[in-house]
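Number of protein chains: 2
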Amino acid sequence: MVIALDVMGGDVPVHSPVEAAVKAATDFNQEILLVGDRDQVVSELAQHSYPQKLIEVFHSSETVGMDESPALSLRQKKDSSIRVAVNLLQEGKVDAVVSAGNTGASMATAKFVLKLISDIERPAIATLMPSTNRNNPFVLLDIGANIDCKPSYLFQFGLMGDAYARTVLNLENPRVALLNNGEEEGKGNQIVQDAFKLLERSTLNFVGNIEGKAMFQDQVDIVVCDGFVGNIALKVAEGTFDFVRSVLKQEVQASWMARLGYLAMRGPFKSLKDRADYSEVGGAPLLGINGVVIICHGNSKPHTIRNAIRHARQCAELNLNDVISREVSENLNLIQEGSENLSE
Amino acid sequence: MVIALDVMGGDVPVHSPVEAAVKAATDFNQEILLVGDRDQVVSELAQHSYPQKLIEVFHSSETVGMDESPALSLRQKKDSSIRVAVNLLQEGKVDAVVSAGNTGASMATAKFVLKLISDIERPAIATLMPSTNRNNPFVLLDIGANIDCKPSYLFQFGLMGDAYARTVLNLENPRVALLNNGEEEGKGNQIVQDAFKLLERSTLNFVGNIEGKAMFQDQVDIVVCDGFVGNIALKVAEGTFDFVRSVLKQEVQASWMARLGYLAMRGPFKSLKDRADYSEVGGAPLLGINGVVIICHGNSKPHTIRNAIRHARQCAELNLNDVISREVSENLNLIQEGSENLSE
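Chains A and B are the protein sequences, given in the same order. Just so we're aligned: the first sequence equals residues 1 to 344 in this note's numbering. Just so we're aligned: the second sequence equals residues 1 to 344 in this note's numbering.
Printed below as a string of C-alpha cells:
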C-alpha cells in the first residue's frame, strides 16, 4: 500500500510534509510517494535519515497557493502537486492521497478526477469531535464542503458518516443524529425536516435530532448537518476553547496561589488539550469520492500529517468506500425519492 | 416604572419568581406587579419580608405549561399569566414584562397582542455572549425565534442588535457582523450573501463576515444569524464549556497534586464561570415588538430573574424601541428593497 503525499501545499510546504513522511515511514513502516518539486524534496529529504526504500519522489512542476481559486487552479494547473497526486490515485498507482494544501482545490480536484461514488450527489468533509466519554468521539459532517444543501445530501452524509464510523471507528451500530435546534420531531428548517423523513426510514440507526449542547455528551456517534452549520459549529467549539484558555490565563495572574494551582494542573490541562484536539487522528476525510483523500489544515504540524498518512491507510485498508457503496445500494429507493422530490 | 412579572411559568413557578421580585424590589427599589394565581402568590409572598408598597399582585386564572403548544395556548388560555401580563403592557399599565415561562408562548403572545414595530417583519431573541475582553461581550441574534429566515430579516436583526448595543450596552458605534463560514465577501449560503448586500449599504457600522471562532475575540459587538444557526452556535458554546468542565473533573482525579491545583484555582474557575454565563444580565430581550419583553430560561434561578427585572427596566428607560424605530426609518429604503426582492 502506497500513500501519495502532496508536499507543495500547506503553510510550510515541503519542509513539514517531508518531515511527516519520514516519521510515518519510520513509525508505521509505510510506503510513501512524495509529490512535488523534485529538487526541493530531494534536498529536504537529505536532511533526514529514513528507511530509503519506503519513500520515493514523484515530480510535479506546479503548486496551488493557499489562496488560489480552486476552479481556476483546476483548469490551469494540470501539473500541480495535488492534481498529479490525485491522478496517480485515479490510475491505481497509489492507494490514497494526503494533502495539507488548499482545501477547496483538493476537493475540486478529487471530485473532478476521481468522480463521486455512484448515487452520491455531493462529497462531504468529516471530522471527529470529542465527547465527555474519552473513548467515544463523534463524527461531524459536513464541515464545509457544501454550503447550500438539499435534504437528500444530508441523508447521504448520514450514510457516509455511518460507513466511516463502522470502519475507521470500528463501531457496530453507530447512532446517527441530525443537528437541530431542538430534539422533537418537526424542529428545524425545512431542509432539516425533510432530511429527517429520509433518515428515519433508512437502514441507519437514526436516533433523531440532537442539539448543539447534547452532542458532546456521548449520546450520538454521527452528527449530520450542512457545511455552513457544520463549519460554524466547529469554529464555535474552537472559539470557546480559546476563550476558556485565554480567560484562565488572565485570571490566573490575579494571585500566586492560582499560578501555583495552574502549574499543578498542567497534567489535566494537557489531557484536556489532547482530548479536545483531534490532531491524533490526523486530517479530515473527504467522503463520497472514488478514492481515499485526507485533507489536513494548511497549518498542520508534521505530527498531524504523519497521523493523516496512517488515517489514509486505514480508510483504504478497511475499504471504506465499499462500505459507503453498500449502504448507498441498501438505501437506493430513499436516495432516489429524496432527489426526485427536490427537483419538483 | 412598573415591571410585570409572570410568576406561573418556569420550572419552579411562583416560588422562584416571587423570590426574584422580593430581591429586585429590595435591591433596585423597583415597583413590580406579580401576575398569577393570587392565593398562591400571596401565600408565597408571606414567606418574605419586603418593601410592601413596591410589590402588588394581579390575578390570572390560567397557566401555560412549559410543554404546551404556543399557538393553542394563545387561542385557548386568554387568562393565562403571560397573556394577562402582556395585556397590561399593551394597555400601558406596566412598562415591561419579564417571564421565565414557555418561550414560544411568551413570544407568540407578545407578537399577537403588542404587534411588531412598524416595518419590522419578524421579532428576534438576542443574547449576550462573552468575549476575551472582559468588558466587551457581544450580542448574538437571532437565537431561536426564526428558523427559516429571509435576507431582509437578517438585515433587520442587524438594526435591532445595533439599537440594543447603543442603548443597553452604551456603545457609540457598535461593530455589526454576519456569522459566516469564512470572512471573505461572497461566503455563505444564498440568504447570508443577500443579507450582506443589504447590511453593507446600511447606516450600520457593518464590518463584514465573522467566523464562529473569531467572534469571541473582541472583534465585533453584534453578530447576526438566523435562529437555527444562532441556536446551534449558542448550544455548541454551552456544550463545549460543559465538556471542558467535565474533562477537567475527570482528569483532576488522576493525581493529588492536580486536585490541590484545582482547589488553588477556584478563583479563576469561578471568574471563568461568571464571565461565560451571562445570568448577570438576566434574560434575553425579545426585540422587534411594541413593548419590552424579557424572556428567561425556564430553569432560571431567582438571582437571574431579579437581574432580568433590572434588564427590563433598562430597556424601557433607555427607550430601546424608539431607537429601533429610528434605525428602521433611516434604512427604510433598504428594508423595502429587501422585502420586495424576496417576494419576487
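The beta-carbon is built from N, C-alpha and C at its ideal position, and this holds for glycine as well.
message = Looking at SER16 of chain A: is its Cβ nearer than 8 angstroms to the Cβ of PRO302 of chain A?
response = Along the first sequence, one-based indexing puts residue 16 of chain A at 16. Along the first sequence, one-based indexing puts residue 302 of chain A at 302. Contact flag set, yes.
query = Can you name the residues of chain A whose CB is closer than 8 angstroms to the CB of GLN190 of chain B?
reply = Residue numbering aside, residue 190 of chain B sits at position 190 when the second sequence is read from its first letter. Here the neighbours are ASP148.
ask   = Tell me the DSSP bridge mates of GLU31 of chain A?
value = One-based indexing of the first sequence puts residue 31 of chain A at position 31. GLU31 of chain A is bridged to A:VAL2.
task = Please report the Cβ distance between LEU140 of chain A and ALA126 of chain A, rounded to the nearest whole angstrom; I am assuming they are in contact, meaning their Cβ atoms lie under 8 angstroms.
result = The residue labelled residue 140 of chain A in the question sits at position 140 within the first sequence. The residue labelled residue 126 of chain A in the question sits at position 126 within the first sequence. LEU140 of chain A to ALA126 of chain A, Cβ: 7 angstroms. Contact.
query = Under a three-way DSSP split, which group does GLU344 of chain B fall into?
reply = Counting from one through the second sequence, the residue named residue 344 of chain B turns up at place 344. Confidence in GLU344 of chain B is poor, its pLDDT being 42 and thus under 50, which makes the residue's placement unreliable; the coordinate value appears in the next sentence. In this structure, GLU344 of chain B counts as coil in the three-state DSSP scheme.
ask   = Under the rule that 16 or more other beta-carbon atoms within 10 Å means buried, what is ASN299 of chain A, buried or exposed?
value = Counting from one through the first sequence, the residue named residue 299 of chain A turns up at place 299. With fewer than 16 other Cβ atoms within 10 Å, it is exposed.
ask   = Hey, ASP142 of chain A and GLY227 of chain A are a contact pair by Cβ (cut 8 angstroms); roughly how many whole angstroms apart?
value = Taking the first residue of the first sequence as 1, we reach residue 142 of chain A at position 142. Taking the first residue of the first sequence as 1, we reach residue 227 of chain A at position 227. Right, the Cβ-Cβ distance comes to about 4 angstroms (below 8 angstroms), so this counts as a contact.
inquiry  = Is ASN299 of chain A near the ligand MN - that is, is its Cβ less than 7 angstroms away from at least one heavy atom of it?
reply    = With respect to the ligand MN, the structure offers nothing, as it holds no ligand at all.
key: From B:SER131, B:ASN189, B:VAL224, residue whose alpha carbon lies closest to that of LEU159 of chain B   = Counted from its first residue, the second sequence places residue 159 of chain B at position 159. Of B:SER131, B:ASN189, B:VAL224, the residue nearest in Cα terms is B:VAL224.
Range covered by the alpha helix (DSSP H) that runs through PRO302 of chain B = On the second sequence, residue 302 of chain B is found 302 positions in, with the first residue counted as 1. Note, PRO302 of chain B: alpha helix (DSSP H), 302 to 317.
Min CB distance VAL229 of chain A to chain B below 8 angstroms = Numbered from its first residue, the first sequence carries residue 229 of chain A at position 229. By this cut-off, VAL229 of chain A is an interface position.
request  = Output the distance between the C-alpha atoms of ARG275 of chain A and ILE82 of chain B, rounded to the nearest integer angstrom.
outcome  = Taking the first sequence and counting its residues from 1, one reaches residue 275 of chain A at position 275. Taking the second sequence and counting its residues from 1, one reaches residue 82 of chain B at position 82. Cα-Cα distance, rounded: 45 angstroms.
message = Could you check whether the Cβ of PRO17 of chain A sits closer than 8 angstroms to any Cβ belonging to chain B?
response = Within the first sequence, the letter at position 17 stands for residue 17 of chain A. No, PRO17 of chain A lies away from the interface with chain B (no Cβ there is under 8 angstroms from its Cβ).
Proximal residues of chain B, C-beta to C-beta of ASP242 of chain A below 8 angstroms = Position 242 of the first sequence holds residue 242 of chain A. Those are THR132, LYS213, PHE216, GLN217, listed as they occur along chain B.
query = Ordered along the chain, which non-local residues of its own chain (more than five positions away) have a Cβ less than 8 angstroms from that of LYS111 of chain B?
reply = Against the second sequence, residue 111 of chain B aligns to sequence position 111. Excluding positions up to five away in sequence, the list reads PRO123, ILE289.
query = Residue ranges of each beta strand (DSSP E) run of no fewer than 3 residues wholly in the stretch 189 to 239 of chain B, ordered along the chain?
reply = 205 to 210, 222 to 224
task = Give, in chain order, every unbroken run of the beta strand (DSSP E) that is at least 3 residues long and sits entirely within the stretch 51 to 94 of chain A.
result = 55 to 59
inquiry  = Just to confirm the assignment, what range does the beta strand (DSSP E) spanning PRO285 of chain A have?
reply    = The residue you call residue 285 of chain A lines up with position 285 of the first sequence. Taken as a continuous stretch (DSSP letters only), the beta strand (DSSP E) holding PRO285 of chain A covers 284 to 287.
Whole-angstrom C-beta distance between GLY144 of chain A and LEU102 of chain A, which should lie under 8 angstroms = Start at 1 with the first residue of the first sequence, and residue 102 of chain A comes out as number 102. Start at 1 with the first residue of the first sequence, and residue 144 of chain A comes out as number 144. Checking the sequence, you will find Asn at residue 102 of chain A rather than Leu. Wrong, their Cβ atoms sit about 13 angstroms apart, outside the cutoff.
key: Residues of the stretch 265 to 288 of chain A whose Cβ lies closer than 7 angstroms to any Cβ of chain B, in chain order   = MET265, GLY267, PRO268, SER271, LEU272, ARG275
query = Buried or exposed: where does LYS273 of chain B fall if 16 or more other Cβ atoms within 10 Å of its Cβ makes it buried?
reply = Start at 1 with the first residue of the second sequence, and residue 273 of chain B comes out as number 273. Exposed, because fewer than 16 other Cβ atoms sit within 10 Å of the Cβ of LYS273 of chain B.
ask   = What distance in whole Å lies between the Cβ atoms of ILE295 of chain B and ASN181 of chain A, which are believed to be in contact at a cut-off of 8 angstroms?
value = Numbered from its first residue, the first sequence carries residue 181 of chain A at position 181. Numbered from its first residue, the second sequence carries residue 295 of chain B at position 295. With a Cβ gap of about 16 angstroms, ASN181 of chain A and ILE295 of chain B do not count as contacting.
key: chain B within 8 angstroms of ASN181 of chain A, Cβ atoms only   = Within the first sequence, the letter at position 181 stands for residue 181 of chain A. At least one chain B Cβ lies under 8 angstroms of ASN181 of chain A.
Rounded straight-line distance, which links the Cα of LYS150 of chain B to that of ALA96 of chain B = Here residue 96 of chain B refers to the residue found at position 96 when the second sequence is read from its first residue. Here residue 150 of chain B refers to the residue found at position 150 when the second sequence is read from its first residue. Near 29 angstroms, if we compare the C-alpha coordinates of LYS150 of chain B and ALA96 of chain B.
task = Please say whether LEU171 of chain A and ILE210 of chain A have beta carbons closer to each other than 8 angstroms?
result = Walking along the first sequence from the start, residue 210 of chain A turns up at place 210. Walking along the first sequence from the start, residue 171 of chain A turns up at place 171. No, Cβ-Cβ distance for ILE210 of chain A and LEU171 of chain A is not below 8 angstroms.
inquiry  = In whole angstroms, give me the CA-to-CA distance for GLU344 of chain B and ASP194 of chain A.
reply    = Locating residue 344 of chain B in the second sequence gives position 344, where the first residue counts as 1. Locating residue 194 of chain A in the first sequence gives position 194, where the first residue counts as 1. Any reading at GLU344 of chain B must be qualified, since the residue scores a pLDDT of 42, below 50, and its modelled position is unreliable; no value is offered.
query = Within the 8 angstroms Cβ cut-off, does SER246 of chain A reach chain B?
reply = Here residue 246 of chain A corresponds to residue number 246 of the first sequence, with the count starting at 1. Yes, because at least one Cβ of chain B sits closer than 8 angstroms to the Cβ of SER246 of chain A.
task = Could you spell out the range, first to last residue, of the alpha helix (DSSP H) harbouring ILE120 of chain A?
result = Stepping through the first sequence from its first residue, residue 120 of chain A is reached at position 120. Counting along the chain, ILE120 of chain A falls outside any alpha helix (DSSP H), and DSSP gives it neither H nor E.
key: Contact list for MET257 of chain B against chain A, beta-carbon separation under 7 angstroms   = Sequence index remark: in the second sequence, residue 257 of chain B carries index 257 (1-based). The answer, in chain order, is ALA264.
query = Roughly how many angstroms lie between the CA atoms of ASP27 of chain B and GLU280 of chain B, to the nearest whole one?
reply = Walking along the second sequence from the start, residue 27 of chain B turns up at place 27. Walking along the second sequence from the start, residue 280 of chain B turns up at place 280. Distance between the alpha carbons of ASP27 of chain B and GLU280 of chain B: 14 angstroms.
query = Mind checking if GLU365 of chain B is an interface residue toward chain A, Cβ cutoff 8 angstroms exclusive?
reply = Residue 365 of chain B cannot be examined here, being either before or after the span of chain B that is shown, 1 to 344.
inquiry  = Buried or exposed for MET1 of chain B, going by 16 or more other Cβ atoms inside 10 Å?
reply    = For the purposes of this step, residue 1 of chain B is taken as residue 1 along the second sequence, with counting starting at 1. It counts as exposed.
inquiry  = Rounded to whole angstroms, what is the Cα-Cα separation between MET215 of chain A and ILE232 of chain B?
reply    = Translated into positions along the first sequence, residue 215 of chain A becomes position 215. Translated into positions along the second sequence, residue 232 of chain B becomes position 232. Cα-Cα distance, rounded: 11 angstroms.
ask   = Quick one: does GLU344 of chain B have its CB under 8 angstroms from some CB of chain A?
value = For this step, residue 344 of chain B is matched to residue 344 along the second sequence. With a pLDDT of only 42 at GLU344 of chain B, under the threshold of 50, the placement of this residue in the model should not be trusted; the figure read from the coordinates follows. It does not: the Cβ of GLU344 of chain B has no partner Cβ on chain A nearer than 8 angstroms.
inquiry  = Using the Cβ count rule (16 or more neighbours within 10 Å means buried), how would you classify SER99 of chain B?
reply    = Indexing the second sequence from 1 puts residue 99 of chain B at position 99. SER99 of chain B is buried by the Cβ-count criterion.
task = Could you please tell me which residues of the stretch 60 to 74 of chain A, in chain order, have their CB closer than 7 angstroms to any CB of chain D?
result = In summary, chain D is missing from the structure at hand, where the protein chains are A and B.
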